[in-house]
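First comes the structure, then the notes that go with it.
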Amino acid sequence: MYKYRLNSATFILVLLIFLNSSCASIFSSRYQKTKFITPKGATVKIDGKTAKKVKGKYKVKRDNGIKEITVSKPGYKSETRSISQDYKSPVKMISLATAGACAFIPGAQAIAGVSALFMFLLDNGTKSVNYQKVVEFNRLEPLHKKQDDQKHIVINKVSIDIEDGEIEHNRYSRYKKYASNKSSESEIEDGEIKLENTIFAEALNELLVDLEYIDQSKKILASGYTENLHVNATILGITTDATRGRIGGFAGGNSNILQKATVEVEWNILDYYEQSIFRYKSKASSGEFSSTNGDHVKRMLKDAMEYNLLEFLKAPKVKSLLKKDKNIEQDFTPFDIENNIPYASNVSEVISSSVTISNKSGHGSGFIIGSDGYILTNFHVIATSDKLSVILPNGQKFTPKIIRSSKVHDLALLKIDATDLKPVKLDQQGSLAIASEIYAVGTPNAQDLAQTISKGIVSGFRENANKINLIQTDASVNHGNSGGALVNQEGVAIGVVSSKLIGIGVEGVAFGIPTNEVIDKLKLQFSDSAPKQLK
Numbered sequence: 001m002y003k004y005r006l007n008s009a010t011f012i013l014v015l016l017i018f019l020n021s022s023c024a025s026i027f028s029s030r031y032q033k034t035k036f037i038t039p040k041g042a043t044v045k046i047d048g049k050t051a052k053k054v055k056g057k058y059k060v061k062r063d064n065g066i067k068e069i070t071v072s073k074p075g076y077k078s079e080t081r082s083i084s085q086d087y088k089s090p091v092k093m094i095s096l097a098t099a100g101a102c103a104f105i106p107g108a109q110a111i112a113g114v115s116a117l118f119m120f121l122l123d124n125g126t127k128s129v130n131y132q133k134v135v136e137f138n139r140l141e142p143l144h145k146k147q148d149d150q151k152h153i154v155i156n157k158v159s160i161d162i163e164d165g166e167i168e169h170n171r172y173s174r175y176k177k178y179a180s181n182k183s184s185e186s187e188i189e190d191g192e193i194k195l196e197n198t199i200f201a202e203a204l205n206e207l208l209v210d211l212e213y214i215d216q217s218k219k220i221l222a223s224g225y226t227e228n229l230h231v232n233a234t235i236l237g238i239t240t241d242a243t244r245g246r247i248g249g250f251a252g253g254n255s256n257i258l259q260k261a262t263v264e265v266e267w268n269i270l271d272y273y274e275q276s277i278f279r280y281k282s283k284a285s286s287g288e289f290s291s292t293n294g295d296h297v298k299r300m301l302k303d304a305m306e307y308n309l310l311e312f313l314k315a316p317k318v319k320s321l322l323k324k325d326k327n328i329e330q331d332f333t334p335f336d337i338e339n340n341i342p343y344a345s346n347v348s349e350v351i352s353s354s355v356t357i358s359n360k361s362g363h364g365s366g367f368i369i370g371s372d373g374y375i376l377t378n379f380h381v382i383a384t385s386d387k388l389s390v391i392l393p394n395g396q397k398f399t400p401k402i403i404r405s406s407k408v409h410d411l412a413l414l415k416i417d418a419t420d421l422k423p424v425k426l427d428q429q430g431s432l433a434i435a436s437e438i439y440a441v442g443t444p445n446a447q448d449l450a451q452t453i454s455k456g457i458v459s460g461f462r463e464n465a466n467k468i469n470l471i472q473t474d475a476s477v478n479h480g481n482s483g484g485a486l487v488n489q490e491g492v493a494i495g496v497v498s499s500k501l502i503g504i505g506v507e508g509v510a511f512g513i514p515t516n517e518v519i520d521k522l523k524l525q526f527s528d529s530a531p532k533q534l535k
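The sequence shown runs 1 to 535 under this note's numbering.
Structure (structure tokens):
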């Protein structure tokens, strides 16, 4: 039987090989000191916990997990990057070199083999593989707050329009390939990412609140055509890039995922009356998010949408539309309305002068102010001008012409092809007093409730964001009353119903535009040839 006797020199060599082959696991620290290049004044969090900086570097635990690094700075959007262990330790390279050298020492080939086995078992653990030594954060996006001369803006809804519901995914077998953008495997998967529209609108509006684009003053009358814009967003495409962390010393075997998304969005800017005025497309990528820190997909898509929103707000055309323009409408020239029929002389007669105005999305109210078919209403009633029709109390239906309108003051003058209609007289003095009795006439809620009358008082006088005076009333006003008449006991119109305050526990707060304001803003002039004794 062959016996191999180790002399002292060979024993020392074996010991050195053993130690060297496992030195990455034995002598390496559980933490790696990594340099994060960040803007001055920024704070760093690792997996949600504030990290301490020591001599310009941060300690990152070696545990085969994906580490999510978030860098924040006041006045900037936070940037999130994720890193994974996929870089060989320099100490491990010494082990490899030592074991390799043994192969050339006479009689030490067996020792080299044993060393290689130990190196595989002991030198392939969490301490033997590093993160990148340097990670640069250079994407902190400035958060520019709304200026005084800019309009408020709110996201109405976010829709998803991805053909066949497909989302493209790029998979990387290991982190190093992902970091260098090499050797991805593309695939199309349907339904892997579950999209909830509501989370996007909520997240974007939260960012708009932070940027002060959403009014938080709680003032009821702060909105108006010159003050507000609305936005609808449509997601047109999503592409994700992903890789997995290490487990048991093997790259790509971990269930923890590192992922980022690139999202294409079309933004549709709507005016105060929610009519489309401009469309803009943007495409932005999220940061890198880890599945070890909760719902990474939701956070990733939210991040991508926020970057898209910031790009949208910076677009030159969008910035120009956000600018307030007090001179958005030119002055009208005087317009004569002649009446050859006596005016309504009481509230009951106003009923026959009240009309329903329907459009493709609903209906509103209006009332006759000219015997030859002139009708007064709100602009927002006819803003969707497709399929407009005017329905008289006797059921006759007409297609109206829009003679003039004011988006700023929410007023419109229509004309139908009809004659001998009983007009409502407009008060030109604005001499109402608080607590005066008034009546609202219109078509609330449904068209079969046309010519409904409700009684109330003048509760107060207000001014909206466009500096328009308003009558506040507690008369019952509901959806569909907009554009209807507010009249006194003599049947004289003292206002045009314009809005109602809606909310839990809120009742009896409605507003109307005084008729003297209507006459002034639309530049109306009245003359009549009706018999004097019938007036």
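Just so you know, even glycine gets a beta-carbon here, dropped at the ideal spot from N, CA and C.
Non-local beta-carbon contacts of S365 in its own chain, meaning distances under 6 Å to residues more than five positions away in sequence, involve G442, T443, N481, G483, G484 in chain order. In its chain, beyond the 5 residues on either side, I403, R404, L413, L522, K523, L524, Q525 have a beta carbon closer than 8 Å to the beta carbon of F335.
Here G224 is buried. Its C-beta has 16 or more other C-beta atoms within 10 Å. For R462, the enclosing beta strand (DSSP E) starts and ends at 452-463. Fully enclosed beta strand (DSSP E) runs of no fewer than 3 residues occupy 134-136, 152-160, 166-172 of the region 126-185, in order along the chain. The region 408-423 and the region 313-322 do not touch, with fewer than three beta-carbon pairs separated by less than 8 Å. Secondary structure of S361 (DSSP, three-state): coil. Distance check between Y76 and each of V135, I153, Y307, I162 places Y307 closest, using alpha-carbon atoms only.
I416 places its beta carbon less than 8 Å from that of G373. S82 is not a Cβ neighbour of A42, given a cutoff of 8 Å. Every unbroken stretch of the beta strand (DSSP E) spanning 3 or more residues and falling wholly within the region 257-313 is given here in chain order: 257-270, 276-285. In this structure, Q85 is the residue among L426, Q85, I37 with its C-alpha nearest to the C-alpha of N64. The beta-carbon distance between K425 and A493, rounded to whole angstroms, is 7 Å. This is short enough to meet the 8 Å contact definition. Taking the Cα positions, I513 is about 8 Å away from I468. Here Q275 has A383, T384 as same chain residues with Cβ atoms under 8 Å from its own Cβ, once five neighbours each way along the sequence are excluded.
Using a 10 angstroms sphere on the CB of S217, the tally of other CB atoms stays under 16, which defines it as exposed. A contact is defined here as three or more CB-CB pairs under 8 Å, and the region 260-277 fails this definition with respect to the region 204-216. A straight-line Cα-Cα distance of about 38 Å links R139 and I328. Beta bridge pairing from DSSP links P514 with G495. In the DSSP assignment, E338 forms a beta bridge with S527. Take V158, set aside five residues on each side of it, and the residues of its chain with a beta-carbon closer than 6 Å to its own are N197, F200, A201, A233, in chain order. The three-state secondary structure of K49, taken from DSSP, is strand. The alpha-carbon of F278 is positioned some 42 Å away from that of S431. Just measuring C-alpha positions, the residue of K407, S454, S348, A440 sitting nearest N466 is K407. Between the region 278-287 and the region 255-264, the count of C-beta pairs closer than 8 Å reaches three or more; the two stretches touch. Taking 4 residues as the shortest admissible run, the region 353-418 contains the following complete alpha helix (DSSP H) segments, listed from N- to C-terminal end: 379-382.
Closest in C-alpha terms to G362, from the list A222, K387, Y131, K146, comes K387. Excluding the 5 residues flanking it on each side, Q32 has same chain C-beta neighbours closer than 7 Å at V60, R62, N130, Y131, in chain order. Following the DSSP letters along the chain, one finds S320 inside the alpha helix (DSSP H) bounded by residues 316-322. Ranked by how close their Cα comes to the Cα of Q489, the residues K52, E463, S345 have S345 in first place.
If you draw a 10 Å sphere on the C-beta of I434, you find fewer than 16 other C-beta atoms in it, and that means exposed. Beta-bridge analysis with DSSP links H230 to V154, L270.
Here T50 is exposed. Its C-beta has fewer than 16 other C-beta atoms within 10 Å. Residue state for D241 is assigned as strand, using DSSP reduced to three classes.
Collapsing the DSSP output to three states places F332 in coil. With contacts defined as CB atoms closer than 8 Å, N378 and S498 qualify as a contacting pair.
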